[in-house]
Amino acid sequence: DVQMTQSPSYLAASPGESVSISCKASKSISNYLAWYQQKPGEAYKLLIYSGSTLQSGTPSRFSGSGSGTDFTLTIRSLEPEDFGLYYCQQYYEKPLTFGSGTKLEIK
Amino acid sequence: QIQLVQSGPELKKPGESVKISCKASGYTFTDYAMHWVKQAPGKGLKWMGWINTYTGKPTYADDFKGRFVFSLEASASTANLQISNLKNEDTATYFCARAFNYGSYAFAYWGQGTLVTVSS
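Protein chains in written order, with my numbering: chain A, 1 to 107; chain B, 108 to 227.
Written out as structure tokens, the structure reads:
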């Protein structure tokens with residue numbers, strides 16, 4: 001199985017700051033990587049797929065980069081509503097696997 | 108709009124069975140596979156497998172072979188997950204999810220989750 005190592009597990013930042021979350025795959029997954037946001041009481045939200053393509057409705061302050069084994073989710077100019085849990089997921093091969101998650105708190 | 112609405116929380120004893128439903132709306136149900144994902148308390152996400160909603164053929168991830176069954180009520184645009192001989196470690200929230208387009212495995216649509224608690 002492809003192991004997805006996500007870091008950091010916890011992040012706190014102030015509105016207006018930029019943050020980055022890393023996701024490393026145990027083998028090359030090309031660009032078959034998605035990023036999700038989960039907020040309490042809400043359904044999971046797909047932010048980015050194919051490593052860097054924004055899903056419809058994802059604010060432009062979110063960006064994804066990387067290919068192969070190393071990927072990054074960057075949120076520029078944080079907004080208060082960006083708090084929540086973030087997960088990466090590879091879909092290069094089955095079983096599909098997810099990172100362990102990053103909890104983003106807004107200071 | 109596209110929605111996946113799951114059935115409510117369940118409290119079961121070890122050894123019992125549970126059936127969770129996921130009703131889809133806003134699209135042609137048989138055009139997209141339905142996937143199932145497990146999230147144990149305080150843990151990450153684990154993909155369980157998927158069901159071809161056109162043929163009804165299920166595919167299970169290795170850890171979910173045996174006690175787990177994916178099924179359909181296609182006429183009702185509903186996918187089901189049944190877990191038999193429940194164990195404490197089955198305590199989790201179970202999600203159904205659909206890809207954003209045909210052939211992808213990035214999930215744009217998620218159910219709200221169904222919490223299954225297994226306790227004696």
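Using N, Cα and C, we set each Cβ at its ideal position, and we do this for glycine too.
Everything numeric in this text was worked out from a predicted model, so none of it was measured.
Rounded to the nearest angstrom, the gap between the Cα atoms of Cys-88 (chain A) and Ala-168 (chain B) is 19 Å.
By the neighbour-count criterion, in which 16 or more other beta carbons inside 10 Å mark a residue as buried, Pro-165 (chain B) falls on the buried side.
In this structure, the beta-carbon distance from Ser-28 (chain A) to Ser-77 (chain A) does not fall below 8 Å. By the neighbour-count criterion, in which a residue is buried when 16 or more other Cβ atoms sit within 10 angstroms of its Cβ, Gly-66 (chain A) is buried. Going by DSSP, Ala-12 (chain A) is part of the beta strand (DSSP E) stretching over 10-13.
Interface annotation, Gln-219 (chain B): in contact with chain A, CB-CB separation under 8 Å.
The beta carbon of Gly-84 (chain A) lies closer than 7 Å to those of Gln-37, Gln-38, Lys-39 and Leu-104 in the same chain, with the five residues before and after it left out.
Between Thr-58 (chain A) and the set A:Ile-106, A:Ile-75, A:Lys-24 and A:Gly-101, the nearest pair of CA atoms involves A:Ile-75. A straight-line Cα-Cα distance of about 33 Å links Thr-224 (chain B) and Tyr-32 (chain A). For the segment 31-56 of chain A, the set of positions with a beta-carbon nearer than 7 Å to some beta-carbon of chain B reads Ala-34, Ala-43, Tyr-44, Leu-46, Tyr-49 and Gln-55 in chain order. The count of Cβ pairs closer than 8 Å, one atom from the segment 184-192 of chain B and one from the segment 125-132 of chain B, reaches three, so the stretches are in contact. Using a CB distance cut-off of 8 Å, Leu-11 (chain A) does not count as an interface residue toward chain B.
Partner residues in the beta bridge of Glu-105 (chain A), as assigned by DSSP, are A:Ala-12.
The Cβ atoms of Asn-159 (chain B) and Ala-140 (chain B) lie closer than 8 Å to each other. DSSP, read as helix, strand or coil, puts Glu-17 (chain A) in coil. With respect to Gly-99 (chain A), Gln-6 (chain A) sits close: the two C-beta atoms are nearer than 8 Å.
Interface residue (Cβ-Cβ distance to chain B less than 8 Å): Ser-100 (chain A) is classified as such.
If you check the CB distance, Tyr-91 (chain A) and Thr-102 (chain A) do not come in under 8 Å.
In the three-state DSSP reduction, Pro-80 (chain A) falls in the helix class (H, G or I). Taking Ile-21 (chain A) as the centre and dropping the five residues before and after it, the same chain places the C-beta of Leu-73, Tyr-86 and Thr-102 closer than 6 Å to its C-beta, in chain order. Checking the DSSP bridge columns, you'll see Gly-66 (chain A) partnered with A:Phe-71.
For Tyr-134 (chain B), not one C-beta of chain A is nearer than 8 Å to its own C-beta. Using a Cβ-Cβ cut-off of 8 Å, Gly-151 (chain B) counts as an interface residue toward chain A, since at least one Cβ of chain A sits closer than that to its own.
The three-state reading of DSSP puts Thr-53 (chain A) in strand, counting E and B together.
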